[in-house]
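K.L.:
Numbering (the working numbering), first residue to last: 6 to 215.
Note that CB positions come from ideal geometry on N, CA and C, so glycine has one too.
Take this structure first; my questions come after.
Right under this line is the structure:
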């Protein structure tokens, strides 16, 4: 089964991205989603190639945000697709059956759509306000996750759900109690002054038996 902690990369330059990703890997995070939007193709490729090598060195899962053809070109572990990106059913033949394809969802209808598209995991959110993303969808809060997970049980949908959006260390236990599989975070790790301690604490909470 997939790791319960995903780090979604941050940084406005290749150097910032590499620094932040290396920090996450070096301190125990073993799932990296490369998110480097609105940059020129050469810089994106240069960064992605370097991140692939880093993830290989650390035996970490390497997911590329949005860019199916780049994931194919670099033989990444998979891709994460937003609701306005390429359809998962279109991406699957390009990447092949063995690659991981995750998808974003903001509501139960999106979860149904993603399930019909046979995605491998769903990033569901936002949990609460986050400055990381522009044009933020309506926040779900704990009640939103509880409601959606309950509807998934009724429909017998078993796709792993990752909570995303403004998550803090203090939120993790209550979020896991809703029945989600794990969490995806960005600023929490990027801005941490003690990432080793933080990632250890996150994993302790994520992998506790409920």
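Can the beta-carbon of residue 59 be found less than 8 Å from the beta-carbon of residue 26?
P.N.:
Residue mapping note: residue 59 aligns to position 54 of the chain shown, counting from 1. Residue mapping note: residue 26 aligns to position 21 of the chain shown, counting from 1. Yes.
K.L.:
For a test of the three-state rule: what should DSSP assign to residue 50, helix, strand or coil?
P.N.:
Numbered from its first residue, the chain shown carries residue 50 at position 45. Helix at residue 50.
K.L.:
Just how far apart, CA to CA, sit residue 93 and residue 11?
P.N.:
Taking the chain shown and counting its residues from 1, one reaches residue 93 at position 88. Taking the chain shown and counting its residues from 1, one reaches residue 11 at position 6. Answer to the nearest angstrom: the Cα atoms are 20 Å apart.
K.L.:
On a Cα-Cα basis, can you pick out the residue from 176, 196, 21 that is closest to residue 208?
P.N.:
The count along the chain shown starts at 1 and reaches residue 208 at position 203. Measuring from the Cα of residue 208, the nearest candidate turns out to be 176.
K.L.:
By DSSP, does residue 81 sit in helix, in strand, or in coil?
P.N.:
Here residue 81 corresponds to residue number 76 of the chain shown, with the count starting at 1. In this structure, residue 81 counts as coil in the three-state DSSP scheme.
K.L.:
Cβ atoms of residue 70 and residue 38: under 8 Å apart, would you say?
P.N.:
The residue labelled residue 38 in the question sits at position 33 within the chain shown. The residue labelled residue 70 in the question sits at position 65 within the chain shown. Contact: yes.
K.L.:
Between residue 41 and residue 75, which are expected to be in contact by the criterion C-beta below 8 Å, what is the C-beta distance as a whole number of angstroms?
P.N.:
Sequence index remark: in the chain shown, residue 41 carries index 36 (1-based). Sequence index remark: in the chain shown, residue 75 carries index 70 (1-based). Residue 41 to residue 75, Cβ: 10 Å. No contact.
K.L.:
Compute the distance between the beta-carbons of residue 68 and residue 87, then report whether it is under 8 Å.
P.N.:
Indexing the chain shown from 1 puts residue 68 at position 63. Indexing the chain shown from 1 puts residue 87 at position 82. No; because the gap between Cβ atoms is not below 8 Å, this pair is not in contact.
K.L.:
Mind checking whether residue 203 and residue 132 have CB atoms under 8 Å apart?
P.N.:
The residue given as residue 203 occupies position 198 in the chain shown. The residue given as residue 132 occupies position 127 in the chain shown. No, they are not a contact pair.
K.L.:
Which residue's Cα is closest to the Cα of residue 282: 90, 44, 114?
P.N.:
What is shown of the chain runs 6 to 215, which leaves residue 282 out entirely.
K.L.:
I'd like the list of long-range same chain contacts for residue 189, defined as Cβ closer than 6 Å, with 5 residues on each side in sequence excluded.
P.N.:
Counting from 1 along the chain shown, the entry for residue 189 is found at position 184. So the qualifying residues of the chain are 11, 13, 128, 167, 169.
K.L.:
Can you find the residues in the same chain that come closer than 7 Å, C-beta to C-beta, to residue 215, ignoring five residues on each side of it along the sequence?
P.N.:
The residue labelled residue 215 in the question sits at position 210 within the chain shown. Because residue 215 sits at a pLDDT of 48, beneath the cut-off of 50, its placement in the model cannot be relied upon, and the following sentence gives the value as read from the coordinates. Contacts found: 181, 182.
K.L.:
How many angstroms separate the CA atom of residue 196 from the CA atom of residue 21?
P.N.:
Position 191 of the chain shown, counted from the first residue, corresponds to residue 196. Position 16 of the chain shown, counted from the first residue, corresponds to residue 21. Rounded to whole angstroms, residue 196 to residue 21 spans 12 Å at the Cα level.
K.L.:
Relative to the C-alpha of residue 148, which candidate in 130, 165, 135 has its C-alpha closest?
P.N.:
The count along the chain shown starts at 1 and reaches residue 148 at position 143. Among 130, 165, 135, the Cα nearest to that of residue 148 is on 130.
K.L.:
Here's the rule I'm using: 16 or more other beta-carbon atoms within 10 Å means buried, otherwise exposed. How should residue 194 be labelled?
P.N.:
Here residue 194 refers to the residue found at position 189 of the chain shown. So residue 194 ends up on the buried side.
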